[in-house]
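Undergrad: Quick one: this structure, given as structure tokens, is what I'll be asking you about.
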Amino acid sequence: MRRSYELERPFVVRVAGLPWSVLAAGVQRDSWARIQQLLDLDDAIAGRADELSEALYEVIGRLHFAAVKPRLVALRRTLYARRPPRPADWPGDLRDQLPEHVVDDVEALLLLLRQRAELSRALREVLTAEARRSMSALRDAAAVPALQRGLIQASPSLAAQSRRWVVGHLDRPRPRLLLGLAKYVSRAAAKTSPYSTFTSIALGDWSTGGAPLRIPVDGPLRCVPELDRLMLGQVVERLLAAPGAVGALPVRLNPSAVRDAGTVTFLGPRPGEAIHSVPLGRSLALCLDVVAAEPGRILDDLVALVAEKSGKEPAEVRPFLERLLHLGLLEAQQPVADQAPDPEAQLADWYDTIAAAGRAAPRSDDGETVPDTGRSTVAAQLRRLHETLHANDEPTDLAAHDRRQRLLGEMVAGVGHALGLPWQPDDRLRKAAFHENAVLVGRAQAALPAWEPVFDDLNVVRRWLGLHDRMLPVRIALDAYCATRFPDRPEINLTELHACLQRDLAAGDSTADWSRFLQLGRPLAAEDLDRAREPRLRRLAELRRRSMAIFAEAERDGTTVVVAPERLAALTATWPTWVTAPPSVSCYLQPRPTGQGLRAVVNVISGGHGRGRGRWRRLAGSLGPTNHVVEMDTDAPAVAELSGTFGVAMNLREPTAPWEIDYPFTNSDRPVAQRIPFGELVVRRNSQSGLRELGWPPLRVPILPAHTGLMADPLMPPAARFMFAAFGQSFFLHPQFPIVTVGEQRTEGVVRQPRIEVGRLTLQRARWTVPASQIPVRQPGEHDADYLVRLARWLREKGIPSRSYIRTVTEDGPWQTRVFDKGRKPMYVDVANPWLLSVLEHLCSSESGSVTFEEALPDPLSPVGADGDPRVTEMIVELSERRLHV
């Protein structure tokens, strides 16, 4: 049967930079096994002591000798406290006062107590020996080139200290060094977050047979460095501050600008992106007409053209145009395209051009002109920086890489000094200035027949997620707002709609039903939908409850909730037309081979349409054309990605959509024919869903805006964030915000959520959320063995596994701060590994907030064709409805 979906190419594989064995080598297996035996003994001792306490209570009640009773009472208390009695008390004459079966029970309990004491002594000895081996394992992991190279980027000082330890120049490393290394080793071996050589990526192709997943980890590694876009922006901004520099730049009309009968409305510069409306007088109209008719003309030429057409002097026209540039109605196009592959070289060429014209005289922060001796070297420094940055190096040659990084830091500091930028030439500058990604040279291969059953279930989940889309209430509320605010207008300009909405929200009419749903900076409360006056919002609340009921009523396999995909598929068929399935999703999956076939664990599901795919293609050096048009079904919506990087390197990418929304204050290198000006987008009602959609008059199909970079959605500029929330796609499934909350168990402040499975997919891992104050902490002077036993007992009582990923959640500060707190990122810990245990202790040192323990699922994957050493592996697969292939 033909699938109703298709898989975009290529898929992406992310592989941990260190094998799992580096973590396993640090585990104190013998000690941990003895600790479990101790806990078992403690359970047996507790049971025996309770039974014996009852038996002694009955014996004591029947005794008539007053002199013996107090001694038996003391014996009962001693044994109940799990302590051996004094030799004078047992086996003295008290033995003769007890029935034979009670004497046997006492002896059995004392035997268990002696076994425990012996096991506890042995544990201390074994623990000491294994601690030394575990520390050696950490030092061995610190010596691995992949970790050292990543440390040179992430923490140069930690890299230098760790190298001293590795080569034997540091006998007693400080606890802070060990803790830092433990965190980075955990990150490099247990996560796939793409930072330097802590993780490597590879593009992949689908095959008709072979292994479920073959990863080229045995092949060469290529490292791709990139200059930080915020720092590049500061360089460009300083160069443009030179007198006359802006006059040599092409000028265009702000693409968000919209004219009506008497005003021009547009988005101002970032970060505030204020919405401006200015009167459209004759002089302004003339200027705008000239700019529109002469795209790409530099400011000096436009001054002359406007002066000629208006009959005014250039000296009178220039200040007017400069005010429009300052306000943002006109834009001076920066000399480097946002997606330029070689921005340093482009900037150097442009700087040479304006320097030759006598325009290059940048000013420092105090307004003074930078001396010519500094200015004359800027272009040469930028070229040397470009050459050094893009020179290939051997990933395992750490000394050469360290020298190169230091040289790059000095070069960036030199550029900053020449331009009068307040940069400090230290390790912090070097860390901030560059980002490096590791790419496996070679293609991964995945056998599609093995994966198809997983993707069939994933497609069902894709459709089901349409109901639980966090932005669906926004789209319903926007339709209600438009119907009230613009009752007689079938089309509303997007810029105008955004401006009106922000004014109405700022007016603070809290009684408006749509108000709380369209304030994107405010998280919705669970009861908001039920309290809404809009019928569709209340219906949405009811539909979501019905959806959750399927999980609540589902069968359980132990502590796992198991739902058949067919049940979700049947549910989606009953939904109203305004609940639509996301047409394309990007899925972060971890393969989970089992005896019953291939399964997968879902990490994240976000909107698709090429999200991240262009980024990874760029890093992997795809040979595809930079500017291209993708043919689409003329009846299908047109996917349009957003221009610009917004100062974030993770937004550097190749185009994956056939159209681009031209956003204010971005510099695209796409052909004009592929760009849709933001100010030309219109909002209208979709005849099928009844919700609002985007349109563009030259095209008769809807426009689907797609965020194809990897920047977090809440950090997007305000108008872009509104556009994506109302008409695009965001995150649908994220471990930080679980969708399925049924089956929670609350015991003494601990919230346990079961594992959620749909067919062959694990949608949510089992997790335990615990107040930080409940987690056992090491007491002053407490022996490691005693603390480990106490911690292990607590984990057993709460049902928390010894291996898990933890997140810390603070309750302080605004929710935006809490969402982006570093503690939200998962950190792998194993309490049987002493240096990973130190990470847990450090992260939980504060008694405020809570800690979430998430099961470590699945086991690491052994890459086919490699040395067999398992590595944590993640696939990013884009699944789309067949008609929306882009």
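No gaps in the numbering here: position 44 of the sequence shown is 192 in this note's numbering, and each next residue is one more.
Quick reminder that beta carbons are idealized off the backbone N, C-alpha and C, glycines included.
#1: Which residue's Cα is closest to the Cα of VAL682: ARG694, VAL587, GLY444, PHE665?
#2: Assess contact between the stretch 375-394 and the stretch 792-799, defined as three or more Cβ pairs (one per stretch) separated by less than 8 Å. Is contact present?
#3: Give me, in chain order, the residues of the same chain whose beta-carbon lies closer than 7 Å to that of HIS549; leave out the 5 immediate sequence neighbours on both sides.
#4: Run through DSSP, which three-state label would PHE794 get?
#5: What is the rounded straight-line gap between the Cα of HIS646 and the Cα of ALA867?
#6: One question on the structure: do GLN309 and LEU325 come within less than 7 Å of each other, judged by their Cβ atoms?
#7: Determine the closest residue to ASP245 out of ALA277, LEU267, GLY209, TRP916, with distance taken between C-alpha atoms.
#8: Rounded to whole angstroms, what is the Cα-Cα separation between LEU606 and GLN529?
#9: Taking Cβ to Cβ, would you say ALA527 is nearer than 7 Å to ASN815?
#10: Which residue marks the beginning of the beta strand (DSSP E) containing PHE634, and which one marks its end?
#11: According to DSSP, is ARG765 helix, strand or coil?
#12: Let's test the definition: count the other Cβ atoms within 10 Å of the Cβ of HIS757 and tell me whether it reaches 16, buried, or not, exposed.
#13: Look at ALA933 and ARG272 and say whether their C-beta atoms are less than 7 Å apart.
#14: Give me the Cα-Cα distance between VAL161 and GLU1029, rounded to the nearest whole angstrom.
#15: Any idea what DSSP makes of ALA433, helix, strand or coil?
#16: Per DSSP, what kind of secondary structure is PRO398 in: helix, strand or coil?
#17: Could you compute how far the alpha carbon of LEU863 sits from the alpha carbon of ILE183?
#18: At which residues does the alpha helix (DSSP H) containing ASN607 begin and terminate?
#19: Can you find at least 3 beta carbon pairs, one from the stretch 467-482 and one from the stretch 428-443, that sit closer than 8 Å?
#20: Can you list the beta strand (DSSP E) stretches of 3 or more residues lying completely in the stretch 422-470, in chain order?
#21: ALA873 to VAL622, Cα distance in whole Å?
#22: Going by alpha carbons, who is nearest to MET975 out of SER993, PHE1001, SER994, LEU186?
#23: So for THR725, helix, strand or coil by DSSP?
#24: Quickly, what does DSSP pair PHE826 with across the bridge? List them, please.
#25: Identify, in the order they occur along the chain, each residue of the same chain with its Cβ nearer than 7 Å to the Cβ of VAL777, setting aside the five sequence neighbours on each side.
#26: Just the Cα atoms here: how many angstroms apart are PRO949 and ALA700?
#27: Do VAL1020 and the ligand SAH come close, with the Cβ less than 6 Å from some heavy atom?
#28: Give me whichever residues DSSP pairs with ARG747 in a beta bridge.
#29: When DSSP labels each residue in this structure, what does THR536 get in the three-state scheme?
#30: From ASP120 to LEU555, what does the alpha carbon distance come to, in whole angstroms?
#31: Count the other CB atoms within 10 Å of the CB of GLY352; is the residue buried (16 or more) or exposed (fewer)?
#32: Residue range of the alpha helix (DSSP H) that GLY929 falls in?
#33: Report the CB separation of ASP490 from HIS534 in whole angstroms; it is logged as a contact under 8 Å.
#34: Comparing C-alpha positions only, which one of TRP662, ASP366, GLU802 sits nearest to ARG766?
#35: Going by C-alpha to C-alpha distance, which of VAL465, ARG418, GLU421, ALA503 sits closest to SER431?
#36: May I ask you to report which of helix, strand or coil DSSP gives VAL207?
TA: Reading it off the structure:
#1: Checking the sequence shown, residue 682 turns out to be Glu, not Val. It is PHE665.
#2: With the cut-off at 8 Å, the stretch 375-394 and the stretch 792-799 touch.
#3: Cβ neighbours of HIS549 beyond the five flanking positions: ARG297, ILE300, ASP541.
#4: Three-state DSSP puts PHE794 in coil, outside helix and strand.
#5: Each residue's alpha carbon lies about 7 Å from the other.
#6: Contact flag set, yes.
#7: Sequence inspection shows Gln at residue 245; the Asp mentioned does not correspond to that position. Comparing Cα positions, the closest option is GLY209.
#8: When rounded, the distance between both Cα atoms is 51 Å.
#9: No, Cβ-Cβ distance for ALA527 and ASN815 is not below 7 Å.
#10: Element bounds for PHE634: n/a, residue is neither H nor E.
#11: Reduced to three states, the DSSP call for ARG765 is helix.
#12: Label assigned to HIS757: buried.
#13: One thing to note: ALA933 has its Cβ within 7 Å of the Cβ of ARG272.
#14: Straight-line measurement puts the Cα of GLU1029 at about 22 Å from the Cα of VAL161.
#15: Secondary structure at ALA433: helix, using DSSP grouped into helix, strand and coil.
#16: In the three-state reduction of the DSSP assignment, PRO398 falls in the strand class, which pools E and B.
#17: Answer to the nearest angstrom: the Cα atoms are 47 Å apart.
#18: Residues 596-613.
#19: A contact exists between the stretch 467-482 and the stretch 428-443.
#20: Assignment of beta strand (DSSP E) within the stretch 422-470, counting only whole runs of 3 or more residues, yields 423-427 in chain order.
#21: Distance between the alpha carbons of ALA873 and VAL622: 7 Å.
#22: MET975 has its Cα closest to that of PHE1001, out of SER993, PHE1001, SER994, LEU186.
#23: Three-state DSSP puts THR725 in coil, outside helix and strand.
#24: According to DSSP, PHE826 bridges with nothing at all.
#25: Note on VAL777: pLDDT 41, under 50, position unreliable in the model; the coordinate value appears next. Within the same chain, VAL777 has close Cβ partners PRO806, GLN822.
#26: In a straight line, the C-alpha of PRO949 is about 24 Å away from that of ALA700.
#27: As presented, the structure is devoid of all ligands, the ligand SAH included, so that no description of it is given.
#28: Paired residue(s): ARG740.
#29: In the structure shown, THR536 sits in a helix (DSSP, three-state: H, G or I).
#30: The requested residue 120 is not part of the displayed model; the chain covers only 149 to 1034.
#31: Under a 10 Å Cβ-count criterion, GLY352 is classified as buried, with 16 or more other Cβ atoms of the shown protein chains found around its own Cβ.
#32: Counting along the chain, GLY929 falls outside any alpha helix (DSSP H), and DSSP gives it neither H nor E.
#33: Contact flag correct, Cβ pair sits at about 6 Å.
#34: That would be GLU802, whose Cα lies nearest to the Cα of ARG766.
#35: Cα-wise, what sits closest to SER431 is VAL465.
#36: DSSP places VAL207 in helix when its eight states are reduced to three.
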